[in-house]
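At position 194 of the sequence shown the residue is numbered 194 (UniProt numbering), and the sequence of numbers has no breaks. For glycine and all other residues, C-beta sits at the position ideal for the given N, C-alpha and C. Model, not experiment: these values are computed from the prediction. Comments concern the structure below.
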Amino acid sequence: MKVYSVNLQQMDKTLEDAFSVLNEESRDLFLPRNIPEMFEIPSAMEFLRDNVSKNIPLVIREGCKWPCIEKWSSQYFIETMANKPVKVALTPNGYADGIAEWKGIEYFVMPEEKIMPMEQFLDNLLNKSNPVNYIQTQNNNLIHDFPELLADIDDSMLNFAKEVFNKSPDAANFWMGDERAVTSMHKDPYENIYIVVSGYKDFILIPPTDVPNVPRKKYQSAIYKTNKNGAMDIEPIFDDNKKPIVLEWVSIDPLKPDLEEYPAYEEAIKYEIRLNPGDILYLPSLWYHHVRQSHKNISLNFWYDMDYDARYCYYKMVEKLCGYGG
Numbered sequence: 001m002k003v004y005s006v007n008l009q010q011m012d013k014t015l016e017d018a019f020s021v022l023n024e025e026s027r028d029l030f031l032p033r034n035i036p037e038m039f040e041i042p043s044a045m046e047f048l049r050d051n052v053s054k055n056i057p058l059v060i061r062e063g064c065k066w067p068c069i070e071k072w073s074s075q076y077f078i079e080t081m082a083n084k085p086v087k088v089a090l091t092p093n094g095y096a097d098g099i100a101e102w103k104g105i106e107y108f109v110m111p112e113e114k115i116m117p118m119e120q121f122l123d124n125l126l127n128k129s130n131p132v133n134y135i136q137t138q139n140n141n142l143i144h145d146f147p148e149l150l151a152d153i154d155d156s157m158l159n160f161a162k163e164v165f166n167k168s169p170d171a172a173n174f175w176m177g178d179e180r181a182v183t184s185m186h187k188d189p190y191e192n193i194y195i196v197v198s199g200y201k202d203f204i205l206i207p208p209t210d211v212p213n214v215p216r217k218k219y220q221s222a223i224y225k226t227n228k229n230g231a232m233d234i235e236p237i238f239d240d241n242k243k244p245i246v247l248e249w250v251s252i253d254p255l256k257p258d259l260e261e262y263p264a265y266e267e268a269i270k271y272e273i274r275l276n277p278g279d280i281l282y283l284p285s286l287w288y289h290h291v292r293q294s295h296k297n298i299s300l301n302f303w304y305d306m307d308y309d310a311r312y313c314y315y316k317m318v319e320k321l322c323g324y325g326g
């Protein structure tokens, strides 16, 4: 291993200057002032040239004309699948896969999952004394769990994405929940096509060039469990050798950022957008995103595996220089 002849203080200053250059050059040279919007599906060439090749999001207003936009609602699901068993994520605070404190320790906590009839799930959304209920399994559940809904979708609309990514989606997911459900800030190694069917979704987006400004920590993994009194406890998770399972996650809440602890976050480039029924969002791989929603929101998303090209290699280098990803 090489030992570089530079003192640590000088190296820290060099890194700080380099991260500032990354932020400033990104802002000046290629990141848009606002997320681009259009009102018709782009051609594959336009989509590749203007968005995918540049890793820039795109909002297509009212771009989705599928029958589901008009048909899907609580009443429709009661009429067509009231007794259908569905897998539901349960949390006390709406944060499935997020940070929560338990007995003075912060954990990365996953939701408890229960199977219940669709009608019971819909009733639970109306009763705010219940734990927060959310259908969000993210495992290609639209195909595997809700095949009866596929008749209301015409996936030929996604041909512009399929042609550019040169593949079919790795997963197609169905999401439904109320306004209490929140997706904590994170990033995914997928090219994401996101469609709001009912209600609205509010996104906070931060580009991958702001890795140095978005803090992360390592947390022990845990899961919510309902106790005998009906309250939800946090249960730490261990591996087969009884060692804590540790996961790295974004440690700042963009709704209430602690800038005293994380002053660099103020320098991050942030975009806020709202998606309404029929709106489509192209969310490029590795973009940080935080999501809130309206009551009885229904959404779909389609994940395409990202290309692990030179851009990804540079991203991993910057991530490592920040002390993350290890």
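For residue i, tell me which candidate among the options has the shortest Cα-Cα distance.
i: Val196; options: Glu261, Lys225, Asp279 and Val52; result: Asp279
i: residue 397; options: Asp50, Ser156 and Phe121; result: No statement about residue 397 is possible, as the shown extent of the chain runs from 1 to 326 and does not include it.
i: Arg33; options: Ile56, Gly230 and Asp152; result: Ile56
i: Leu126; options: Ser74, Asp155 and Gln136; result: Ser74
i: Leu232; options: Lys320, Glu113 and Lys243; result: Checking the sequence shown, residue 232 turns out to be Met, not Leu. Ranking Lys320, Glu113 and Lys243 by Cα distance to Met232 puts Glu113 first.
i: Phe77; options: Ser168, Tyr95 and Pro117; result: Pro117
i: Gly94; options: Asn213, Thr183, Trp287 and Tyr314; result: Thr183
i: Pro236; options: Lys225, Leu31 and Ser168; result: Lys225
i: Asp305; options: Ser198, Val164 and Asn227; result: Val164
i: Leu275; options: Arg216, Asn241, Pro169 and Asp202; result: Asp202
i: Asn213; options: Glu248, Arg311, Asn23 and Asp12; result: Asn23
i: Asn139; options: Phe302, Asp258 and Asn297; result: Phe302
i: Glu62; options: Thr209, Pro277 and Glu319; result: Pro277
i: Asp170; options: Val318, Asp123 and Asp307; result: Asp307
i: Asp210; options: Asn297, Lys228 and Phe19; result: Phe19
i: Gly98; options: Trp249, Tyr315 and Glu261; result: Trp249
i: Met81; options: Pro147, Phe39 and Glu106; result: Pro147
i: Pro92; options: Arg27, Gly230, Glu106 and Lys13; result: Gly230
i: Arg292; options: Glu179, Thr137 and Leu150; result: Glu179
i: Thr137; options: Ala96, Gly104 and Met317; result: Ala96
i: Glu70; options: Asn227, Tyr312, Leu149 and Asp258; result: Leu149
Given a cut-off of 8 angstroms, decide if residue j and residue i are closer than it, judged by their beta-carbon atoms.
i: Met110; j: Ile204; result: no
i: Met185; j: His289; result: yes
i: Asp145; j: Lys87; result: yes
i: Asp152; j: Cys64; result: no
i: Pro207; j: Ile269; result: yes
i: Val52; j: Ile273; result: no
i: Tyr190; j: Ser285; result: yes
i: Asn83; j: Glu119; result: yes
i: Trp287; j: Lys187; result: yes
i: Leu142; j: Leu300; result: yes
i: Leu15; j: Leu321; result: yes
With residue i and residue j assumed to form a contact (beta carbons below 8 angstroms), what rounded beta-carbon distance in angstroms separates them?
i: Ile135; j: Ala161; result: With a Cβ gap of about 24 angstroms, Ile135 and Ala161 do not count as contacting.
i: Ala100; j: Ile234; result: 6 angstroms
i: Arg216; j: Tyr282; result: Contact doesn't hold; Cβ gap of about 25 angstroms is too wide.
i: Phe108; j: Ser221; result: 5 angstroms
i: Leu247; j: Tyr219; result: 6 angstroms
i: Trp72; j: Ile298; result: 5 angstroms
Distance cutoff 8 angstroms, beta carbons only. Does residue i sit that close to anything in chain E?
i: Val86; result: Absence of chain E from the displayed structure is noted, only one protein chain being present.
Notebook entry, point to check: What are the complete alpha helix (DSSP H) segments, minimum 4 residues, inside the region 94-168?
Noted result: 118-126, 141-144 and 159-165
Next item on the list: Return the chain-ordered ranges of every beta strand (DSSP E) run that is complete within the region 198-251 and spans a minimum of 3 residues.
Entry: 201-206, 216-226, 232-236 and 246-250
Next item on the list: Inspect the CB distances between the region 250-257 and the region 168-178 and report whether three or more fall short of 8 angstroms.
Entry: no
Check: Are the region 262-277 and the region 156-163 in contact at 8 angstroms, needing three or more beta carbon pairs?
Finding: no
Checklist line | Whole runs of the alpha helix (DSSP H) within the region 19-74, excluding any shorter than 4 residues | finding: 44-47 and 68-71
Note to self: My parser needs the beta strand (DSSP E) runs of 3 or more residues fully inside the region 283-322; what are they?
What the structure shows: 288-293 and 297-305
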